[in-house]
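Participant: Chains A and B, in that order, give the protein sequences.
First residue of the first sequence: 116, per our numbering; consecutive thereafter.
First residue of the second sequence: 22, per our numbering; consecutive thereafter.
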Amino acid sequence: MAAAEPQIGEYIEHHLTFLTNKPQNTLVNFTVINYDTVFFSVLLAVLFAGSFYLVARRASASTTSVPRGFQSFVEMLVDWVDSQVKDVYHGTNPLIAPLALTIFCWVYLFNFMDLVPVDLLPDIGGAMGLAHLKVVPTTDLNGVFGLSLTVFILMIFYSIKMKGLRGFLAELTLHPFRVKNIFAQIPLSIVNLLLESVTLIARPVSLALRLFGNIFAGEMIFVLLALLTLVHGYAGLETFSGWGLLLLQAGLTFLWGVFHLLIITIQAFIFMVLTIVYLAMAHEHH
Amino acid sequence: MHINLTLLVQMAVFAVLIWFTMKFVWPMILGPMQERERRIAQGLAAANKGEEELKDARAGAESILGEARERAGVIVDQAQRNASEILEQARSAATQEGQRLVAAAQQQIELDAARAKEQLRQQVGAIAVAAASKLLEREIDARAHEALLNEFAAQL
Numbered sequence: 116m117a118a119a120e121p122q123i124g125e126y127i128e129h130h131l132t133f134l135t136n137k138p139q140n141t142l143v144n145f146t147v148i149n150y151d152t153v154f155f156s157v158l159l160a161v162l163f164a165g166s167f168y169l170v171a172r173r174a175s176a177s178t179t180s181v182p183r184g185f186q187s188f189v190e191m192l193v194d195w196v197d198s199q200v201k202d203v204y205h206g207t208n209p210l211i212a213p214l215a216l217t218i219f220c221w222v223y224l225f226n227f228m229d230l231v232p233v234d235l236l237p238d239i240g241g242a243m244g245l246a247h248l249k250v251v252p253t254t255d256l257n258g259v260f261g262l263s264l265t266v267f268i269l270m271i272f273y274s275i276k277m278k279g280l281r282g283f284l285a286e287l288t289l290h291p292f293r294v295k296n297i298f299a300q301i302p303l304s305i306v307n308l309l310l311e312s313v314t315l316i317a318r319p320v321s322l323a324l325r326l327f328g329n330i331f332a333g334e335m336i337f338v339l340l341a342l343l344t345l346v347h348g349y350a351g352l353e354t355f356s357g358w359g360l361l362l363l364q365a366g367l368t369f370l371w372g373v374f375h376l377l378i379i380t381i382q383a384f385i386f387m388v389l390t391i392v393y394l395a396m397a398h399e400h401h
Numbered sequence: 022m023h024i025n026l027t028l029l030v031q032m033a034v035f036a037v038l039i040w041f042t043m044k045f046v047w048p049m050i051l052g053p054m055q056e057r058e059r060r061i062a063q064g065l066a067a068a069n070k071g072e073e074e075l076k077d078a079r080a081g082a083e084s085i086l087g088e089a090r091e092r093a094g095v096i097v098d099q100a101q102r103n104a105s106e107i108l109e110q111a112r113s114a115a116t117q118e119g120q121r122l123v124a125a126a127q128q129q130i131e132l133d134a135a136r137a138k139e140q141l142r143q144q145v146g147a148i149a150v151a152a153a154s155k156l157l158e159r160e161i162d163a164r165a166h167e168a169l170l171n172e173f174a175a176q177l
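Here it is in structure tokens:
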């Protein structure tokens, strides 16, 4: 086993490394780009937008035709998202519902990449000469923060648009502590600003990290399950216990896959609902 | 775990995707859905209305049919009454005619009988005169005894 130790480390490391234009040594470096995350994000975006656009065109071409197949599925999804939005948000902003649909579908597709066998695409990439390939964009902090920061920007944009800059700042500085005396209010406002800023910033951070954590952990489990037989290689097939491990691996991977199917759906749903809630709050006056 | 340009690219792609969904996907799916919903609601309402109207029309037809049946009954009754009336009239006319004919015949008979009696009386008178003249061997002056003969004849 001693000889296998570096192999395990290498394998895990291999699965945690992005395909980048150059190695990144600092925490933040905007000259580095993860090709794999960008590629799969755009691919899934095109898949989502393209398929839904085809349905939209067919649906709007004739309102009398009976929807069937994929169109029914898309309509069901749209109807469901619409009702989710209407439960929380009662305004007329035309952005929120399409945004919610986009988030749910895109995040779901991101997460679904987790259910592609962990070594399949990286090995194909390897055969094509790519050193690393991470196929799940939601296991990339850039991927999840890209989503949550966009939502955050929209939150602030609509807060200021609906309440004005004064209203937005008042929300930050006059809650939760408020007194009549203006001189007493100043130090309290500083405290308020600190508290409210934490609350405000915690939203995109928690939104991103919740998704990232769940999907990253899920991927990690798949990688670890893959390790069960990896350390033995083909030699494992010569022993009874080697076959036992293989069956155990297959069974556990299946069970985890089924469970993970639930997790990826729930995570996509949570991300969508929280986005709706945050944007609805941005529209509300306190 | 590094933050890099991917973040900005991801945000840009996301923004474009949101814009695309908002512009070309969402309204073009939800719009036709709402339109279809409206159509279905209309169709159901129309079906309901049609059913109501059918019910009304059935009731109307039923009442018209009943009225017609009633009127037909009245007409048939009337016709029967007319027929029996006509029959009655014909019968009574025939009876009257018969009675009239019988009466006329009786009158005729009485007349004939009276005439025959008259003739007979006159002939009996003549025969009586002839017989008497033969018996008396002399001529009876018919003229002189006319009054007597007439009285005699009247006694026959």
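All C-beta atoms in this analysis are idealised placements derived from N, C-alpha and C, irrespective of residue type, glycine included.
1. Could you give the residue range of the alpha helix (DSSP H) that holds Asp55 (chain B)?
2. Compare the C-alpha of Thr265 (chain A) against each of B:Ala78, B:Trp40 and B:Glu91 and name the closest.
3. Do Asn25 (chain B) and Asn257 (chain A) have their C-beta atoms closer together than 9 Å?
4. Less than 6 Å between C-beta atoms, sequence neighbours within five positions excluded: which residues of the same chain meet that for Val153 (chain A)?
5. Considering only the alpha carbon of each residue, which of A:Cys220, A:Phe219 and A:Val200 lies closest to Ile211 (chain A)?
6. Measure how close the beta-carbons of Leu363 (chain A) and Ala323 (chain A) come, nearest whole angstrom, since I'm counting them as under 8 Å.
7. Quick one, which of B:Phe45, B:Glu74 and B:Gln128 has its alpha-carbon nearest Gln171 (chain A)'s?
8. Under the rule that 16 or more other beta-carbon atoms within 10 Å means buried, what is Val30 (chain B), buried or exposed?
9. Short of 7 Å in beta carbon distance, which residues of its chain neighbour Ala119 (chain A), apart from the five on each side in sequence? Order them along the chain.
10. Could you give the distance in angstroms between the alpha-carbon of Phe167 (chain A) and the alpha-carbon of Met228 (chain A)?
11. Excluding the 5 residues preceding and the 5 following Val189 (chain A) in the sequence, name in chain order all residues of the same chain whose CB lies nearer than 7 Å to its CB.
12. How about Trp221 (chain A): is its C-beta nearer than 9 Å to some C-beta of chain B?
13. On the DSSP bridge assignment, give the partners of Asn144 (chain A) in chain order.
14. Ser180 (chain A) to Gln63 (chain B), Cα distance in whole Å?
15. Anything in chain A within Cβ reach of Gln63 (chain B), meaning under 8 Å, just list it in chain order.
16. Identify which residue in A:Leu131, A:Tyr126 and A:Glu125 has its Cα closest to the Cα of Met22 (chain B).
17. Round the Cβ separation of Met270 (chain A) and Leu394 (chain A) to the nearest angstrom and send it over; I've been treating them as touching at under 8 Å.
18. Where does Thr178 (chain A) sit, in a helix, a strand or coil, going by DSSP?
19. Tell me whether Met49 (chain B) is buried or exposed, calling it buried when 16 or more other Cβ atoms sit within 10 Å of its Cβ.
20. Looking at the strands, I want to know which residues DSSP matches up with Asn149 (chain A).
21. Is the separation between the beta-carbon of Ile391 (chain A) and that of Tyr204 (chain A) shorter than 9 Å?
22. Can you say whether Gly333 (chain A) is buried or exposed, counting buried as having 16 or more other CB atoms within 10 angstroms of its CB?
23. With 9 Å set as the bound, which would you pick, yes or no: does the beta-carbon of Leu326 (chain A) sit closer than that to a beta-carbon of chain B?
24. Please tell me whether Ser198 (chain A) has its Cβ less than 9 Å away from any Cβ of chain B.
25. How would you list, in chain order, the residues of chain B whose beta-carbon sits under 7 Å from the beta-carbon of Ala212 (chain A)?
26. Exposed or buried, which one is Lys249 (chain A) when buried takes at least 16 other CB atoms within 10 Å?
27. Helix or strand or just coil, what does DSSP make of His375 (chain A)?
28. So, helix, strand or coil for Leu245 (chain A), using DSSP?
29. Along chain A, in chain order, which residues have C-beta atoms closer than 7 Å to that of Ala36 (chain B)?
30. Which residues mark the beginning and the end of the alpha helix (DSSP H) in which Glu167 (chain B) is found?
31. Between A:Pro213, A:Ala174 and A:Phe163, which lies nearest to Arg57 (chain B) when the distance is taken from Cα to Cα?
32. On the three-state DSSP scale, how would you describe Ala317 (chain A)?
Facilitator: So, to answer that:
1. Locating residue 55 (chain B) in the second sequence gives position 34, where the first residue counts as 1. The residue you asked about is not Asp; residue 55 (chain B) is Gln in the sequence shown. Trp47 to Leu157 is the extent of the alpha helix (DSSP H) around Gln55 (chain B).
2. Here residue 265 (chain A) is taken as the residue at index 150 of the first sequence, counted from 1. Nearest of B:Ala78, B:Trp40 and B:Glu91 to Thr265 (chain A), Cα basis: B:Trp40.
3. For the purposes of this step, residue 25 (chain B) is taken as the residue at position 4 of the second sequence. For the purposes of this step, residue 257 (chain A) is taken as the residue at position 142 of the first sequence. Taking a C-beta distance under 9 Å as the contact criterion, Asn25 (chain B) and Asn257 (chain A) qualify as a contact pair.
4. Indexing the first sequence from 1 puts residue 153 (chain A) at position 38. If you ignore the 5 residues before and after Val153 (chain A), its C-beta comes within less than 6 Å of no other C-beta in its own chain.
5. Locating residue 211 (chain A) in the first sequence gives position 96, where the first residue counts as 1. Looking only at A:Cys220, A:Phe219 and A:Val200, the smallest Cα-Cα distance to Ile211 (chain A) is reached by A:Val200.
6. Here residue 363 (chain A) refers to the residue found at position 248 when the first sequence is read from its first residue. Here residue 323 (chain A) refers to the residue found at position 208 when the first sequence is read from its first residue. In fact, because the Cβ distance is near 35 Å, the residues do not count as touching under 8 Å.
7. Within the first sequence, the letter at position 56 stands for residue 171 (chain A). As written in the sequence, residue 171 (chain A) is Ala, which differs from the Gln given in the question. Taking Ala171 (chain A) as reference, the option from B:Phe45, B:Glu74 and B:Gln128 with the minimal CA-CA separation is B:Phe45.
8. Counting from one through the second sequence, the residue named residue 30 (chain B) turns up at place 9. It is buried - the Cβ of Val30 (chain B) has at least 16 other Cβ atoms within 10 Å.
9. Along the first sequence, one-based indexing puts residue 119 (chain A) at 4. Below a pLDDT of 50, predicted positions are generally treated as unreliable, and Ala119 (chain A), at 49, falls in that range; the measurement from the model is reported next regardless. Residues Val346 of the same chain have their beta carbon placed closer than 7 Å to that of Ala119 (chain A), with the five preceding and five following residues left out of the count.
10. Your numbering for residue 167 (chain A) matches position 52 in the first sequence. Your numbering for residue 228 (chain A) matches position 113 in the first sequence. Straight across, the Cα-Cα distance linking Phe167 (chain A) with Met228 (chain A) is about 19 Å.
11. As a first step, residue 189 (chain A) is located in the first sequence; it is residue number 74 there, counting from the start. Within the same chain, Phe167 and Val170 come within 7 Å of Val189 (chain A) by CB-CB distance, once the 5 residues on both sides are set aside.
12. Counting from 1 along the first sequence, the entry for residue 221 (chain A) is found at position 106. Yes, its Cβ sits closer than 9 Å to a Cβ of chain B.
13. Within the first sequence, numbered from 1, the residue matching residue 144 (chain A) stands at position 29. Its beta-bridge partners are B:Asn25.
14. Against the first sequence, residue 180 (chain A) aligns to sequence position 65. Against the second sequence, residue 63 (chain B) aligns to sequence position 42. For Ser180 (chain A) and Gln63 (chain B), the gap between their C-alpha atoms comes out near 16 Å.
15. The count along the second sequence starts at 1 and reaches residue 63 (chain B) at position 42. Around Gln63 (chain B), no beta-carbon contact reaches into chain A at under 8 Å, the shortest distance being about 12 Å.
16. Position 1 of the second sequence holds residue 22 (chain B). Of the candidates A:Leu131, A:Tyr126 and A:Glu125, the one whose C-alpha sits nearest the C-alpha of Met22 (chain B) is A:Leu131.
17. Within the first sequence, numbered from 1, the residue matching residue 270 (chain A) stands at position 155. Within the first sequence, numbered from 1, the residue matching residue 394 (chain A) stands at position 279. Contact between Met270 (chain A) and Leu394 (chain A) holds: their C-beta atoms lie close to 6 Å from each other, under 8 Å.
18. Counted from its first residue, the first sequence places residue 178 (chain A) at position 63. In the structure shown, Thr178 (chain A) sits in coil (DSSP, three-state: anything other than H, G, I, E or B).
19. Residue mapping note: residue 49 (chain B) aligns to position 28 of the second sequence, counting from 1. Buried, since its Cβ has 16 or more Cβ neighbours within 10 Å.
20. Stepping through the first sequence from its first residue, residue 149 (chain A) is reached at position 34. DSSP, once it has assigned bridges, lists A:Thr135 as partnering Asn149 (chain A).
21. Locating residue 391 (chain A) in the first sequence gives position 276, where the first residue counts as 1. Locating residue 204 (chain A) in the first sequence gives position 89, where the first residue counts as 1. In this structure, Ile391 (chain A) sits near Tyr204 (chain A), with a CB-CB distance shorter than 9 Å.
22. For the purposes of this step, residue 333 (chain A) is taken as residue 218 along the first sequence, with counting starting at 1. When all chains shown are included, Gly333 (chain A) counts as buried.
23. Within the first sequence, the letter at position 211 stands for residue 326 (chain A). No, its Cβ sits nowhere closer than 9 Å to a Cβ of chain B.
24. Walking along the first sequence from the start, residue 198 (chain A) turns up at place 83. Taking Cβ atoms only, chain B never reaches closer than 9 Å to Ser198 (chain A), which makes this a no.
25. What you label residue 212 (chain A) is simply residue 97 of the first sequence in a count that begins at 1. Within 7 Å Cβ-Cβ: Trp47.
26. Looking up residue 249 (chain A) in the first sequence gives position 134. It is buried - the Cβ of Lys249 (chain A) has at least 16 other Cβ atoms within 10 Å.
27. The residue labelled residue 375 (chain A) in the question sits at position 260 within the first sequence. Residue state for His375 (chain A) is assigned as helix, using DSSP reduced to three classes.
28. For this step, residue 245 (chain A) is matched to residue 130 along the first sequence. Residue state, collapsed to three classes: coil.
29. Working through the second sequence from its first residue, we reach residue 36 (chain B) at position 15. Going along chain A in sequence order, the residues near Ala36 (chain B) (Cβ under 7 Å) are Thr265.
30. Locating residue 167 (chain B) in the second sequence gives position 146, counting from the first residue. For Glu167 (chain B), the enclosing alpha helix (DSSP H) begins and ends at Glu167 to Gln176.
31. Here the question's residue 57 (chain B) lines up with position 36 in the second sequence. Nearest C-alpha to Arg57 (chain B): A:Ala174.
32. Numbered from 1 along the first sequence, position 202 holds the residue referred to as residue 317 (chain A). Secondary structure at Ala317 (chain A): helix, using DSSP grouped into helix, strand and coil.
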